[in-house]
Structure formats: C-alpha cells, structure tokens
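Asks: Counting from 1, one number per residue, gives the positions in the sequence shown under the numbering used here. Positions of the beta carbon are idealized from the N, C-alpha and C atoms, including for glycine. Dropping the structure in here first, questions after.
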Amino acid sequence: MNARRELGIAEAVLRAVERRAAGRLVRRARVRVGALLHISGPALKQAFIAVSDGTVADGARLDVVVEPARLGCRSCGRTTMSDRMLATCPACEGNRLDLHSGDGLVLESVEFTEAERRVGHEPSS
Ligand SMILES: [Zn+2]
C-alpha cells in the first residue's frame, strides 16, 4: 500500500472541498473514486484527516465510494463493469474496449455546519 498516493488524492479532495465551502465549515464530504485508481478507502480517510487539520474541513468526515470501471466494447456495444482494466470483452472477446469511467475522482457532495454556527455556541476552538 502506497500511502503517499492517498495523501496526494486527499490534498486534491481538500482543495475541491475548500473551493465549494467558500469559507463555510464542513461537516461531511463524499467522494466517488474510480476503482482503477486503486485507492484504499480507509487510507484516504486517514490522509484526509491529516491534510484537513486547521482548514474549514477540520474534523469533517469523508465518505469514500469506490466505483467500478465501465468499459464499452466497440465490437458488440456492451458495457462491462470491472474493478480492473480488461484486455478483452467478456461477452464477445473483442479487444477494442473503451474506458468510459473508472479512473476519475468526483466530489459528490459537501455538508456544512451552518446551523450550529448560527446558534452561536460552538463547543470549542
Ligand atoms: Zn464485446
């Protein structure tokens, strides 16, 4: 397991979260990670905690959803889901496959702690 990889992804996630937060405090964020990135969910969560320290996402929970890759076959037109890159189509054994998704990183949603801030009695910090 290469933890530096997760750290780099966590930094990218944090930048995206910060852009969307625009100064608001983040309670929770959810990312979809393509299976071909071979990311460990727990390692990514751990890395996110480390890089978000002192930012708007400090203490926020990160949900990681790993998505299988989607491969389209040019011969039979079938779409195959897989957690790894395939050389041939499982349906027709053709070798002309297009990768539709599976190596991407998408920030799906971000929740903010606005309600608590409005009340005005934050526990600490
Ligand atoms: Zn095929």
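#1: Could you tell me whether any non-hydrogen atom of ligand 1 is closer than 6 Å to the CB of A91?
#2: Whose CA, out of L97, L71 and G94, lies closest to the CA of G34?
#3: Report yes or no: do three or more beta-carbon pairs, one from the stretch 93 to 105 and one from the stretch 25 to 43, lie closer than 8 Å?
#4: If you count every other CB in all the chains shown that lies within 10 Å of the CB of E6, and 16 or more means buried, which is it?
#5: In chain order, what residues of the same chain have a beta carbon less than 7 Å from the beta carbon of P68, not counting five sequence neighbours either side?
#6: Are there three or more Cβ pairs, one per stretch, closer than 8 Å when the stretch 84 to 97 is compared with the stretch 45 to 53?
#7: May I ask you to report which of helix, strand or coil DSSP gives E111?
#8: Rounded to whole angstroms, what's the CA-CA distance from Q46 to E18? Just pull it up for me.
Replies: So, from the listed chains and residues:
#1: yes
#2: Selected option, being the one with the closest Cα: L71.
#3: yes
#4: buried
#5: A35, M81, S82, D83 and G102
#6: No: the two stretches stay apart, fewer than three of their Cβ pairs being nearer than 8 Å.
#7: strand
#8: 18 Å
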